[in-house]
Each structure stands twice: as structure tokens, then as C-alpha cells.
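Residue numbers (our numbering), protein chains in the order written: chain A, 9 to 122; chain B, 58 to 170. Here is the structure we will look at, set down as C-alpha cells.
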């Protein structure tokens, strides 16, 4: 149990385009989902926390207009990188949890912006 | 504020050696959880262990063992008789009362044949 999927696993896009990444909890309902960003050879940095049906809470320094997060259902959260630029190239990882519970991580999405 | 320090950036050992990965944490919470994750080259985080702040018992799982010492705010991870498949980045993490995970910078472990 506790499987979290992400789609796509890898995406390459041109500078200026927008990219949507999906995070799904496959066998449980996640009241909270988290989005992390990981640069090469660096740690995971929390970008935002999203609760189903409400606006995401962004960490300091994360542009909410740049990284749009939607958590429309208990099993799906999406991260849209708008007007992507090469510096947005990174590994994006989501996690899903029950209220106050364990976080289960997705396999990650590698974004490359040309 | 929470902080997790993994002072060892990279460790290289030869197969069958024992290796200990250090983790020191800071938190003002009295109730918190500590975690270790493994991240192989594929990138997917693999959960290894969770320990709550009230349980200082050491744990052993096969070749893996963990030493939690509240007095020194440390939660060290030892791999006994390391194998090439253990090569990965290992992250220590802390979850406090805000339910957010704070990760250390990770330790890259390379086990050479």
C-alpha cells in the first residue's frame, strides 16, 4: 500500500513553455501533498504544502505565480511550472500523506528546460 | 527552526567494510520524528526507518542499524558488511510539530567492489 505516482517521469521542454506534473496517491486518500525540488547533488527543498480543496502554502522564496499548485481531489495534486526557464531544470518530487501522518514519496519528475 | 546536519558529504568504502553515516539535528519541539531515506541513482526515495523522539532504543534491521542518542541530538546509521548495492545518497530527515520534513544535505556512499 501507500503508493504515490508521478507523471511524467521525465520531461524536456523549450524555454517559455509551461509544464504540468501530476502527483497521485494510488491506494489512499491524501489530505496533504508536498512538493519538493532537488538540484543535482543537493538536498530536497520543500516548495509548498497543499491541502485538498484549499490554496497551497508556499515556502519562503518560492514564487507562487511561477509554480502553480492545484490539489483538486484527495488523490491528485498538480504542479505547473509556468513560463519555464533553464534555471527551473530540476528534479521535482511529491509526497502524499494522511493528516499528520507519514509522507509517502513519488518517484520524481526530472524537468529539463532547453 | 529545524535543522539537520550530515557532515559527511561523501564516503567511499570497500565492499564488506562497515560504515556509519552521521546525522545531527536541532529542534525545539519535544515531540518529533527522525527518518533515514536512501536515494539510488534512479532518484526515487526509499524509506528506511522512522523513529519518534520518545523511543531511544536502537534498532537493527538486517545489515542496517540505527543509534538514536537524544543527549547528543544524533541519529546515526550504520551499514554492516557493505555491498555495492548500498551505493546511494542517504538522507537524514526530521519532522516536527508542523509536519514538514527537513532534510539534511545527504551523504553519498560509494561501495567499491
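All residues carry an ideal CB built from backbone N, CA and C; glycine is no exception. As the structure is a computational prediction, the values presented were derived from the model and not from experiment.
Would you list the one or two residues that DSSP bridges to residue 32 of chain A? If you number the first chain from 1, residue 32 of chain A lands on position 24. Residue 32 of chain A is bridged to A:13, A:84.
Please confirm if residue 69 of chain A has its CB atom under 7 angstroms from at least one CB of chain B. Taking the first residue of the first chain as 1, we reach residue 69 of chain A at position 61. With its beta carbon at least 7 angstroms from every one in chain B, residue 69 of chain A lies outside the interface.
Three-state secondary structure (DSSP) of residue 95 of chain A: One-based indexing of the first chain puts residue 95 of chain A at position 87. It is helical.
With a threshold of 7 angstroms between beta-carbons, can residue 115 of chain A be considered close to chain B, or not? Counting from 1 along the first chain, the entry for residue 115 of chain A is found at position 107. By this cut-off, residue 115 of chain A is an interface position.
How about the stretch 153-163 of chain B and the stretch 78-96 of chain B: do they share at least three Cβ pairs that are nearer than 8 angstroms? With the cut-off at 8 angstroms, the stretch 153-163 of chain B and the stretch 78-96 of chain B touch.
Any C-beta of chain A within less than 7 angstroms: which residues of the stretch 152-166 of chain B qualify? If the cut-off is 7 angstroms between Cβ atoms, the stretch 152-166 of chain B has 156, 157, 158, 160, 161, 162, 163 near chain A.
Using DSSP with H/G/I as helix, E/B as strand and the rest coil, what is residue 129 of chain B? By 1-based counting over the second chain, the position of residue 129 of chain B is 72. Looking at residue 129 of chain B - three-state DSSP - the assignment turns out to be helix.
Less than 7 angstroms between the C-beta atoms of residue 133 of chain B and residue 77 of chain B, yes or no? As a working mapping, residue 133 of chain B is identified with position 76 in the second chain. As a working mapping, residue 77 of chain B is identified with position 20 in the second chain. With contacts defined by Cβ atoms closer than 7 angstroms, residue 133 of chain B and residue 77 of chain B form a contacting pair.
Look at the alpha carbon of residue 45 of chain B and the alpha carbon of residue 48 of chain A, and state the distance between them as a whole number of angstroms. Within the shown structure, residues of chain B are numbered from 58 to 170, placing residue 45 of chain B beyond reach of any answer.
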